[in-house]
Each structure stands twice: as C-alpha cells, then as structure tokens.
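Note sheet for the following structure.
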Amino acid sequence: MVIIKDICKSFNGKRVLNSINLDFRDGEILTIVGKSGVGKSVLLKLVVGLIDSDSGSINVDNILLDKNTVYDIRKKIGFVFQSSALVESLPVEENIGLALRYIYNLDDDTIKRKVIEAIRMVKLDEKVASMYPSNLSGGMLKRAAIARAIILRPKYIFYDEPTTGLDPIVARAIEDLILTLNNKLNTTSIIVTHDINSAVGISDRIAMLSKGEITFSGMVDDFNKTENQYVKEFKDAYFLKQEK
Amino acid sequence: MVNALDLEIILMILSLFPNKFLYFVNNIGGIFYTLFHSMFKKHGIFKKTNLIINEVIEIGIGSIGVVSIASILGGLIAVFLIQDRLGSYIPEYFIVEAVAKSVVIELGALGASIALVGRAGTRITAEISTMKVSEEIDALKTMAIDPYDYIVFPKMIASFISYPILIVYSQFLFIFGAMIYIVFIHGFGLQSFLFGIRESFNMIEFAQSMVKGIVFGAISTSISCYFGLSASKGAKGVGEATTTAVVYSVISIFLADFMIIKIFSIW
Ligand SMILES: Nc1ncnc2c1ncn2[C@@H]1O[C@H](COP(=O)(O)OP(=O)(O)O)[C@@H](O)[C@H]1O
Ligand SMILES: [Mg+2]
Chain V
2 MVIIKDICKS
12 FNGKRVLNSI
22 NLDFRDGEIL
32 TIVGKSGVGK
42 SVLLKLVVGL
52 IDSDSGSINV
62 DNILLDKNTV
72 YDIRKKIGFV
82 FQSSALVESL
92 PVEENIGLAL
102 RYIYNLDDDT
112 IKRKVIEAIR
122 MVKLDEKVAS
132 MYPSNLSGGM
142 LKRAAIARAI
152 ILRPKYIFYD
162 EPTTGLDPIV
172 ARAIEDLILT
182 LNNKLNTTSI
192 IVTHDINSAV
202 GISDRIAMLS
212 KGEITFSGMV
222 DDFNKTENQY
232 VKEFKDAYFL
242 KQEK
Chain G
113 MVNALDLEII
123 LMILSLFPNK
133 FLYFVNNIGG
143 IFYTLFHSMF
153 KKHGIFKKTN
163 LIINEVIEIG
173 IGSIGVVSIA
183 SILGGLIAVF
193 LIQDRLGSYI
203 PEYFIVEAVA
213 KSVVIELGAL
223 GASIALVGRA
233 GTRITAEIST
243 MKVSEEIDAL
253 KTMAIDPYDY
263 IVFPKMIASF
273 ISYPILIVYS
283 QFLFIFGAMI
293 YIVFIHGFGL
303 QSFLFGIRES
313 FNMIEFAQSM
323 VKGIVFGAIS
333 TSISCYFGLS
343 ASKGAKGVGE
353 ATTTAVVYSV
363 ISIFLADFMI
373 IKIFSIW
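Order-wise, the sequence lines are chains V and G. Per the working numbering, the very first residue in the first sequence carries number 2; after that it's consecutive. Per the working numbering, the very first residue in the second sequence carries number 113; after that it's consecutive.
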C-alpha cells in the first residue's frame, strides 16, 4: 500500500500540489483524473522519487521514501511514461532487459528468456525484439514500455496517460492490456489520465485532482453519481469537447 | 598571488551579477559531483566492459579523423612559423628541437584535447541532453538504474583511455606535419631532422603530456555529462546544454593546462 500524506510541491514559487492525501490500495486499479497541467504527472513522479516534495511524506509498503530508500522503492514500481521513453540507442529487447542486466546481473540466456516472456505478455510480435524504438508505431512503443515496466514483476505499475495520443482502437487495446496485466500479475495499477471514458471503463476507484488538491475520491459508481462540483465541471468540459 | 585589494575588486564585480555568479558556482559544484559520483561508487566494471568499449569507439576512434587533420596542419604551421621567423639565425636541428619540444609539452595535448571537445564532448552532451529531454534518463532511474553509473561512468573510463592515446598519436602527427614541411618542402636533411627529435625528447615532459591527457579527459567528459544531465526541457535545452558545455570545457582545459605547467615547472 502506498500512503501519500500532506504532500506539497511548488515550482518556482508556484504551488502545484497543495497538501495531497491519497492511498494506493493493494490490487486495485486507481485512476487519477484531472485537467492537463494540474500536476498528475508530478504526483506520480514524486512517489518514485524523480521529483522531491517540499513537505509531507510518502510510504510504500511501510517504507518511508527518502534518499536511502528510493532505489528499493523504485524496484517495487514499474513506470510507464507518457512518451514511453524507451532508450533510443538500444533495440527493444535491450530496453526491456536493462534492469535485469545492470541491476540483477543475470546471464544472457536468462535475460533473453524473461524478455521474450514479457514481450508475449504484452502481446507484441517477437520480431519487434530486435527493432529500434524509432521504427515502432505509437501502440507498439507503449506495449514495449509496458513490457519494460513489468520485467521485474513490480507490485505497482504507474501509467502516465497510457492512451493519450493513440487512436481509439489502439487505446482500447492498451486498456485491455492494463486490465489483463492487473489480474494476471496481481499488481496494483495507478493510471493518470484526462480521459474520463477510459477511467470509468477500467478502474475500481477514481480520484480527482484539481487546484492542487484531491477534490474527489471514490469507487467508479460514486464517480458516476456524485454531485461533487469539481467532478461535474470536469465531466461537462470533457463531454463538451467530445461533442465537438 | 591575488592580494586583498584584487580580491575585493573581483568580489565587487561578481556581486554585480549575483545570479550569474550563483549559477556559475552551482555548475562548478555539479561538475565535481558528476566526476566523483560517477567514479567512486560500487561498480561492476566488468559487466560494463561492452559499454566502455562502445564509448572508446565513439570517443576515441570516432575522433581520429579530426585529431589527425588538426595535428598534421598544426605541425606544418608550427614549423613554418619558427622556420620563417628564425630560420636564418639558428641551426636547422634546433628548429626541429623547438617544434618537437613545444609539441610534446604543449601543442599535442592541447590540440588533441580541443579537437576532442569539439568532436566527442559535444556528442556526449547532445546524447545525454536528448535522453534527458525525452525522459529516457528518468526512465532509467525508475528501473533503479543510476545514470551516473550506467551512462557517465563508461564515458569517463573511455576518456581516460582515449585522451592519452590520442595525445600520443597527435604528437606523432604534429611531428609528421613538421617533417612534411621541413624535409619535403623546405629540403632540410632527414638526418638532422631525426637528430633534432631525438635530442629534444625528455621523459618528464612526455609524462606531463600524459597527465594532461587524463586531466583534460576528466574535465571535458564530466563537464559534458553534467550539462547533458541538467539540460532543461524542450529541443532548445539540447542546444543550450551543448554550447555551455563547450565553453566551460575549453576554458577549464586552458586553466588546467596552466596549472599543470606550473606544477611541473617546480620540478
Ligand atoms: N520539472 C519541472 N519544473 C518546473 N515546473 C514543472 C516541472 N514539472 C512540472 N512542472 C509544472 O507543474 C505543473 C503540473 O505539471 P504536470 O504534472 O506535468 O501536469 P499534468 O497534470 O498534465 O500531468 C505544470 O504547470 C508544469 O509546468
Ligand atoms: Mg502529465
């Protein structure tokens, strides 16, 4: 379980997150929604220590995140970046196997086996293994990034806007994959998105981030029914944009 | 030495640009951090052998062309200048000796290192800053991979190997360039040329150039990596990082050169 307590974060004097309190519960799919620029990515990056908070605390499985524990905590979390962020100079298989090679010192055969297993699990063609990231489509890149994130069998997987920028059919396929992995690997999945349809479709629970605070959090049914003013505004803006 | 008054004036000038000064101090700290943090950590140097070999190919072998051309031309120019100005006053082997000494003490190391900053240093900054901007560095970190260990360390080791070797190579080509001019164009005897070279050689001076090689390599590579890792978002970040790294590298190499000469002159 991840416990985020009273987290504040400013950039250049501008408050982005203002006392965030939120839990990630074991086994769930939690989606954090919010307008673009509210600090959703910042929140995910805080939990893996890519950004330092100004105040507050983050606990991952009862380990307090700090300078000494950050590498241990990162091993528990797979992170899928919005841009996929594969290392351009390495073929897909090397990208997926990086941590196995440099953190766990496994031999080539074991790495190869585990990489192929991960590639199958994200339903990529095995031919993709030897290709370079710049030759992959958006959907394939995302799958490769997910394969890299699950290679250490992390307890948590964070997805930053996993479907943004993909065409609707590919986006649905990625959502299916997230659901499948969550069940098969018994992980806790945290998704950040501004896509309400996607959130409602696959989550157990939804939290809403606006004006630097968690303004709503509840199960999907509650999210659909709530009279919460922030959620209503967000839905109105979203569906207005959809109609256009 | 700097006396109290000079120091006061320097501090006064610096206080006119407090932000620039802080930025500068911050960068110097960052560069040293990059150097020490990448070198003094638990390393599996053997599992990184292929990374190091790749970097030697990129940094060392990739720079052979520019170092060759710069050195041969440098040798031609150096001997031409000395011959042109002093040729009528001093014996020919002495001209050769003067060129050879300046090559071994100074020109080989400086020439090769500046060429390496332009060819290898820029590539390092551009590569790392592009990775930074496209979040590849962040992705490495989330996999518990330390970029100082995985990216900076192999480049540092590769520079410690490549810089001294390329400096020796450059010294040879400098002298070869000098020979082209003085033997084949100017018609001096090959015998007296070789005699001048032999006469001029001094082990301490050669050792000095090797020390320079390692120091300049450490300077250029840690600066290039530091500015790459601290590049700001956007495509503009890559260009800015590369320019700043080159400026810092060139100035630092000249400063270090001066200090190394001073230290060796005490000997
Ligand atoms: N490294 C950074 N330096 C300065 N400002 C940042 C940084 N990262 C994010 N921000 C700012 O924080 C705010 C939230 O960003 P982000 O979390 O990316 O939003 P989103 O909810 O769209 O993911 C934005 O205003 C952004 O400009
Ligand atoms: Mg974002």
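Glycine residues also receive a C-beta, built at the ideal position from the N, C-alpha and C atoms. All of these numbers come straight from a predicted model, not from anything done at the bench.
With fewer than three CB-CB distances shorter than 8 Å, the stretch 282-294 of chain G does not count as touching the stretch 331-344 of chain G. In the three-state reduction of the DSSP assignment, residue 248/G falls in the helix class.
The DSSP-derived three-state label of residue 37/V is coil. Residue range 347-378 is occupied by the alpha helix (DSSP H) that includes residue 377/G.
Exclusion of the five residues before and after residue 175/V leaves 143, 163 and 164 as the residues of its chain whose Cβ lies within less than 6 Å of its Cβ. Look at the beta carbons and you see the stretch 127-145 of chain G not touching the stretch 316-328 of chain G: under three pairs across the two are nearer than 8 Å. Exclusion of the five residues before and after residue 112/V leaves 98, 101 and 102 as the residues of its chain whose Cβ lies within less than 8 Å of its Cβ.
Distance from the C-beta of residue 161/V to the nearest heavy atom of ligand 2 is below 7 Å. Across the structure, residue 238/G and residue 245/G are spaced so that their CA atoms are roughly 10 Å apart. For residue 342/G, the distance from the CB to the nearest heavy atom of ligand 1 is not below 7 Å. By the neighbour-count criterion, in which a residue is buried when 16 or more other Cβ atoms sit within 10 angstroms of its Cβ, residue 197/G is exposed. In this structure, ligand 2 has a non-hydrogen atom nearer than 7 Å to the beta-carbon of residue 83/V.
Straight across, the Cα-Cα distance linking residue 16/V with residue 50/V is about 18 Å.
Taken atom to atom, the span from the alpha-carbon of residue 65/V to that of residue 57/V is near 11 Å. Taking non-hydrogen atoms of ligand 1 into account, the C-beta of residue 40/V is found less than 7 Å away from one of them. Within the DSSP secondary-structure output, residue 160/V pairs in a beta bridge with 81/V and 192/V. Ranked by Cα distance from residue 371/G, the options 282/G, 350/G, 180/G and 327/G are led by 327/G. Residue 116/V places its beta carbon 8 Å or farther from that of residue 147/V. Residues of the stretch 61-73 of chain V with a C-beta less than 7 Å from any C-beta of chain G: 72, listed in chain order. Distance from the C-beta of residue 131/V to the nearest heavy atom of ligand 1 is not below 7 Å. Residues 249 and 252 of the same chain have their beta carbon placed closer than 6 Å to that of residue 259/G, with the five preceding and five following residues left out of the count. Ranked by Cα distance from residue 228/G, the options 242/G, 374/G, 176/G and 208/G are led by 176/G. Segment contact: the stretch 274-290 of chain G against the stretch 180-198 of chain G, three or more CB-CB distances shorter than 8 Å; contact assigned. Membership of residue 200/G in any alpha helix (DSSP H) is not indicated, and neither H nor E is assigned to it by DSSP. Within the stretch 92-120 of chain V, contact with chain G at the beta-carbon level (separation under 7 Å) is assigned to 99, 100, 103, 104 and 106. In the displayed model, residue 219/V falls within a strand according to three-state DSSP.
The continuous beta strand (DSSP E) containing residue 57/V extends over residues 56-61. At a cut-off of 8 Å between beta-carbon atoms, residue 371/G makes no contact with chain V.
DSSP, read as helix, strand or coil, puts residue 300/G in coil. By the criterion of at least three beta-carbon pairs nearer than 8 Å, the stretch 233-244 of chain V is not in contact with the stretch 116-126 of chain G. Between residue 75/V and chain G, the shortest Cβ-Cβ separation is below 8 Å. At least 8 Å separates the beta-carbon of residue 218/G from that of residue 86/V. DSSP places residue 148/G within a helical segment (H, G or I) once states are collapsed to three. Its chain contains 61, 62, 155, 156 and 157 as the residues whose beta carbon lies nearer than 8 Å to that of residue 77/V, once the 5 sequence neighbours on both sides are disregarded; these appear in chain order. No Cβ-Cβ contact shorter than 8 Å links residue 128/V with residue 55/V.
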